[in-house]
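Residue numbers (the working numbering): 105 to 168.
We put the beta carbon where it would ideally sit given N, CA and C, even for glycine.
Working notes for the structure below.
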Amino acid sequence: MATPDYYQVLGVSSSAKPEEIKKAYRRLAKQYHPDANPNTPSASERFKQVSEAHSVLSDPEKRR
């Protein structure tokens, strides 16, 4: 299985600054949060992808 493009998941460029990554994460997390979309199973999966992308890109060691 291929590694997802975390930059694409968050909709930011590979040169994005930490503030841009955080802003994109917050926007998408709010949009796809399961509590905001209780009847949309795909929103829950998308929220997990967004959370994983943020986790990786917000850690300088994992981001390399």
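Going by beta carbons, G115 and A128 fall inside the 7 Å limit. Within 10 angstroms of the beta-carbon of A140 lie fewer than 16 other beta-carbons, which makes it exposed. Shortest Cα-Cα distance from S155 to any of K121, K126, P142 involves K126.
In the structure shown, the three-state DSSP call for P138 is coil.
Nearest to R150 by alpha-carbon distance, out of S159, N143, L161, P138, is P138.
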